[in-house]
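All remarks here apply to the structure that follows.
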Amino acid sequence: MSNTIFLLPGDGIGPEAMGEVRKIIAHMNDTMGTGFILDEGLVGGCAYDAHGVAISEEDMAKAMAADAVLFGAVGGPKWDSVPYEVRPEAGLLRLRKDMQLFANLRPAICYPALASASSLKPELVEGLDILIVRELTGGVYFGEPKEIIDLGNGQKRGIDTQIYDTYEIERIAGVAFELARTRQNAVCSMEKRNVMKSGVLWNQVVTEVHKRTYSDVKLEHMLADAGGMQLVRAPKQFDVIVTDNLFGDMLSDVAAMLTGSLGMLPSASLGAPDATTGKRKALYEPVHGSAPDIAGKGIANPIAMIASFAMCLRYSFNMVAEAYRLEKAIATVLDKGIRTGDIMGEGCRQVGTSEMGDAILAE
Ligand code: NAI
Ligand code: MG
Numbered sequence: 593m594s595n596t597i598f599l600l601p602g603d604g605i606g607p608e609a610m611g612e613v614r615k616i617i618a619h620m621n622d623t624m625g626t627g628f629i630l631d632e633g634l635v636g637g638c639a640y641d642a643h644g645v646a647i648s649e650e651d652m653a654k655a656m657a658a659d660a661v662l663f664g665a666v667g668g669p670k671w672d673s674v675p676y677e678v679r680p681e682a683g684l685l686r687l688r689k690d691m692q693l694f695a696n697l698r699p700a701i702c703y704p705a706l707a708s709a710s711s712l713k714p715e716l717v718e719g720l721d722i723l724i725v726r727e728l729t730g731g732v733y734f735g736e737p738k739e740i741i742d743l744g745n746g747q748k749r750g751i752d753t754q755i756y757d758t759y760e761i762e763r764i765a766g767v768a769f770e771l772a773r774t775r776q777n778a779v780c781s782m783e784k785r786n787v788m789k790s791g792v793l794w795n796q797v798v799t800e801v802h803k804r805t806y807s808d809v810k811l812e813h814m815l816a817d818a819g820g821m822q823l824v825r826a827p828k829q830f831d832v833i834v835t836d837n838l839f840g841d842m843l844s845d846v847a848a849m850l851t852g853s854l855g856m857l858p859s860a861s862l863g864a865p866d867a868t869t870g871k872r873k874a875l876y877e878p879v880h881g882s883a884p885d886i887a888g889k890g891i892a893n894p895i896a897m898i899a900s901f902a903m904c905l906r907y908s909f910n911m912v913a914e915a916y917r918l919e920k921a922i923a924t925v926l927d928k929g930i931r932t933g934d935i936m937g938e939g940c941r942q943v944g945t946s947e948m949g950d951a952i953l954a955e
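What the sequence shown shows, in the working numbering, is residues 593 to 955, in sequence order.
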């Protein structure tokens, strides 16, 4: 079995958080015979410093060939004025595009120990476990025409175009239904079919995919604005939410605030299954950025990065029990009151990045 993982730690706190994942992988290889083979490359500002690009062709080829890519974070003030095509984010965009990562998975899990840090009442979020599946490569962020036209009368017109084709909706719906089967078996599809043609098509195609292949899964449809309201009113009603690129961007940020700190949130981006091996290209990354304000101080919270690796175990290597064990270890450490500064609470013990990693490893 091939078990190659390509690490792209990036800039700022990216390498600090990735260091804790490296410890966990080494421990798994030593004690569980997992045989993960690691390689490492440069992305973002550090790649620009070394090669003058946001990611080199050699590292792109390695990312394309790996079973999974773990990505830290990119960017920082040092590179704020580098040319647009080679800015740090260009590395991440290139990876998403070339690997065709069309499905973005953003879990919103509320660890019981952190329920009081939520924007909502603790009882509304305690035990919360939602998975938002956002379409990542289509919709209004990419549709053409996309431009600002000068109307000549002192007026301008800004144009973006929302486009979704059947195949794009089919494949994202398929991912959502497949994932629901491994969870609470329920999908809520969100669009705005009341005012958008792409929403009408989205609704029809999701309904057809459900009828054809996934009728065992509970399917519900909700208008995206009502969905946003329900997310903050009664978030525990949801299991898997599937939605387009724009609504998914907003709804996943809303869901993030239900669970506490940016330092806690993992994500996965998946591509289509390979025709012969059935294996999906995949990239796992924390939701947070490079946090220049705390970089180099050894105080960053590594949990988002570690939880991203748990998603990697689950989705790229089908190591479901191991993923669960790692997530359980995170919950236990939090229950014990061990905290990094960003999630510090009354009566808790504050630790740095590597102590947090060690505590999780010990569990
Ligand atoms: P950020 O996520 O880096 O930081 C926002 C705030 O949250 C900061 O106060 C930071 O200290 C804190 N924070 C974030 N992650 C944390 C962690 N793991 N532990 C403790 N505290 C944490 O977002 P910001 O400040 O808007 O962007 C900083 C840089 O990161 C920019 O150059 C931006 O372009 C880049 N960025 C990169 C992303 C990526 O690589 N995917 C995503 C978002 C931003
Ligand atoms: Mg966003």
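A virtual CB, placed ideally from N, CA and C, is assigned to each residue, including glycine. Bear in mind that the values here come from a model prediction, so they are computed numbers and not experimental data.
request  = List the whole-angstrom C-beta distance separating THR945 from ALA892, where the pair is believed to meet the contact cut-off of C-beta under 8 Å.
outcome  = Here residue 945 is taken as the residue at index 353 of the sequence shown, counted from 1. Here residue 892 is taken as the residue at index 300 of the sequence shown, counted from 1. Right, their Cβ atoms sit about 5 Å apart.
message = Less than 6 Å between C-beta atoms, sequence neighbours within five positions excluded: which residues of the same chain meet that for ALA705?
response = Indexing the sequence shown from 1 puts residue 705 at position 113. Once the five neighbours on either side are set aside, the close Cβ partners of ALA705 are LEU926 and ASP927.
request  = Assuming ALA816 contacts THR799 (C-beta within less than 8 Å), just tell me the rounded distance between them.
outcome  = Against the sequence shown, residue 816 aligns to sequence position 224. Against the sequence shown, residue 799 aligns to sequence position 207. The Cβ separation is near 16 Å, so there is no contact.
task = Evaluate contact between the segment 709-721 and the segment 851-863, counting only Cβ atoms and requiring at least three cross-stretch pairs below 8 Å.
result = yes
Residue interval of the beta strand (DSSP E) (run including CYS780) = Here residue 780 refers to the residue found at position 188 when the sequence shown is read from its first residue. Residues 778-783.
task = Please state whether DSSP places THR758 in a helix, a strand or coil.
result = Here residue 758 refers to the residue found at position 166 when the sequence shown is read from its first residue. Helix at THR758.
task = Would you identify the three-state DSSP class for THR924, choosing helix, strand or coil?
result = Indexing the sequence shown from 1 puts residue 924 at position 332. In this structure, THR924 counts as helix in the three-state DSSP scheme.
request  = From the DSSP output, in three-state form, read off VAL732 for me.
outcome  = Taking the sequence shown and counting its residues from 1, one reaches residue 732 at position 140. The answer is helix: DSSP assigns VAL732 an H, G or I state.
inquiry  = Please determine whether the Cβ atom of PHE909 lies at a distance below 8 Å from any heavy atom of the ligand NAI.
reply    = For the purposes of this step, residue 909 is taken as the residue at position 317 of the sequence shown. No, the beta carbon of PHE909 sits no closer than 8 Å to any heavy atom of the ligand NAI.
inquiry  = Closest to LEU857 by C-alpha separation, out of VAL725, ARG698 and PRO607, would be which residue?
reply    = Taking the sequence shown and counting its residues from 1, one reaches residue 857 at position 265. The option with the nearest alpha carbon to LEU857 is ARG698.
key: Buried or exposed by the 16-neighbour rule on C-beta atoms within 10 Å, applied to PHE861   = Here residue 861 refers to the residue found at position 269 when the sequence shown is read from its first residue. Per the sequence shown, the amino acid found at residue 861 is Ser instead of Phe. So SER861 counts as buried.
inquiry  = I want to check one thing, is the minimum distance from the CB of PRO675 to the heavy atoms of the ligand NAI below 8 Å?
reply    = Within the sequence shown, residue 675 is the residue found at index 83, counting from 1. Answer for PRO675: no, Cβ out of range of the ligand NAI.
task = Starting from the C-beta of PRO884, find all residues in its chain whose C-beta is less than 7 Å away, skip the five residues before and the five after it, and write them out in chain order.
result = For the purposes of this step, residue 884 is identified with residue 292 of the sequence shown, where counting begins at 1. GLY604, GLY668 and PRO669, listed in sequence order.
query = Where DSSP assigns a beta bridge to ARG698, which residues make up the other side?
reply = What you label residue 698 is simply residue 106 of the sequence shown in a count that begins at 1. ARG698 is bridged to ILE724.
inquiry  = Taking its Cβ as the centre, do 16 or more other Cβ atoms sit within 10 Å of GLU736, making it buried, or is it exposed?
reply    = Taking the first residue of the sequence shown as position 1, residue 736 is located at position 144. Exposed, since its Cβ has fewer than 16 Cβ neighbours within 10 Å.
key: Simplified DSSP assignment, three categories, for GLY664   = Here residue 664 refers to the residue found at position 72 when the sequence shown is read from its first residue. Note: GLY664 maps to strand in three-state DSSP.
ask   = On the three-state DSSP scale, how would you describe SER673?
value = Here residue 673 is taken as the residue at index 81 of the sequence shown, counted from 1. If DSSP states are grouped into helix, strand and coil, SER673 belongs with coil.
query = By Cβ distance, which residues of its chain are closer than 7 Å to ALA665, with the 5 residues on each side in sequence left out?
reply = The sequence position of residue 665 within the sequence shown is 73, counting from 1. Only GLY602, ASP603, GLY604, ILE605, GLY606, PRO878, HIS880, GLY881 and SER882 meet the Cβ criterion.
query = How many Å lie between SER781 and TRP794 at the Cα?
reply = As a position in the sequence shown, residue 781 is number 189, starting the count at 1. As a position in the sequence shown, residue 794 is number 202, starting the count at 1. About 9 Å.
query = Do you know how far the Cα of GLN747 is from the Cα of LEU684?
reply = Within the sequence shown, the letter at position 92 stands for residue 684. Within the sequence shown, the letter at position 155 stands for residue 747. Whole-angstrom Cα-Cα distance: 35 Å.
key: Own chain partners of GLY949 with C-beta closer than 6 Å, once the 5 adjacent residues on each side are dropped   = Locating residue 949 in the sequence shown gives position 357, counting from the first residue. Taken in chain order, the residues that qualify are GLU612, LYS615 and PRO894.
query = Any beta-carbon of chain C closer than 9 Å to the one on LEU926?
reply = The structure shown has no chain C; it contains just one protein chain.
request  = With DSSP as the reference, please indicate the residues paired to TYR876 in a beta bridge.
outcome  = The residue you call residue 876 lines up with position 284 of the sequence shown. Paired residues: LEU662 and ALA860.
query = Looking at the structure shown, is GLN829 part of a helix, part of a strand, or coil, going by DSSP?
reply = The residue given as residue 829 occupies position 237 in the sequence shown. The answer is helix: DSSP assigns GLN829 an H, G or I state.
message = Is the beta carbon of ALA768 closer than 9 Å to that of VAL725?
response = One-based indexing of the sequence shown puts residue 725 at position 133. One-based indexing of the sequence shown puts residue 768 at position 176. Cβ atoms of VAL725 and ALA768: closer than 9 Å.
query = Counting along the chain, where does the beta strand (DSSP E) carrying GLU812 start and finish?
reply = If you number the sequence shown from 1, residue 812 lands on position 220. That run of the beta strand (DSSP E) goes 810-815.
query = Which residues in the same chain as VAL846 place their Cβ atom closer than 7 Å to its Cβ, once the five residues preceding and following it in sequence are excluded?
reply = Indexing the sequence shown from 1 puts residue 846 at position 254. Excluding sequence neighbours, VAL846 sits near GLY820, LEU823 and VAL824.
task = May I ask you to report which of helix, strand or coil DSSP gives GLY766?
result = Position 174 of the sequence shown, counting from 1, holds the residue named residue 766. The answer is helix: DSSP assigns GLY766 an H, G or I state.
query = Are the Cβ atoms of TYR703 and ILE922 separated by less than 9 Å?
reply = Within the sequence shown, residue 703 is the residue found at index 111, counting from 1. Within the sequence shown, residue 922 is the residue found at index 330, counting from 1. In contact: TYR703 and ILE922 (Cβ atoms closer than 9 Å).
key: Candidates HIS802, ASP934 and SER859: closest to ALA778 by CA position   = In the sequence shown, residue 778 corresponds to position 186, counting from 1. Comparing Cα positions, the closest option is HIS802.
task = Measure the Cβ-Cβ separation of ALA646 and VAL635 and say whether it is below 9 Å.
result = Here the question's residue 646 lines up with position 54 in the sequence shown. Here the question's residue 635 lines up with position 43 in the sequence shown. In this structure, VAL635 lies closer than 9 Å to ALA646 by Cβ.
ask   = In its own chain, which residues sit with a C-beta less than 7 Å from the C-beta of TYR907, not counting the 5 before and 5 after it?
value = Indexing the sequence shown from 1 puts residue 907 at position 315. Cβ within range, chain order: ALA860, LEU862 and ALA874.
Reference ILE833, options GLY933, ALA765, THR623 and LEU716, closest by Cα = Residue mapping note: residue 833 aligns to position 241 of the sequence shown, counting from 1. Ranking GLY933, ALA765, THR623 and LEU716 by Cα distance to ILE833 puts ALA765 first.
ask   = Which two residues bound the contiguous beta strand (DSSP E) that contains GLU632?
value = Counted from its first residue, the sequence shown places residue 632 at position 40. Unbroken beta strand (DSSP E) run through GLU632: 629-632.
query = Hey, PHE839 and ARG763 are a contact pair by Cβ (cut 8 Å); roughly how many whole angstroms apart?
reply = Here residue 839 corresponds to residue number 247 of the sequence shown, with the count starting at 1. Here residue 763 corresponds to residue number 171 of the sequence shown, with the count starting at 1. Not really, about 17 Å apart at Cβ, beyond 8 Å.
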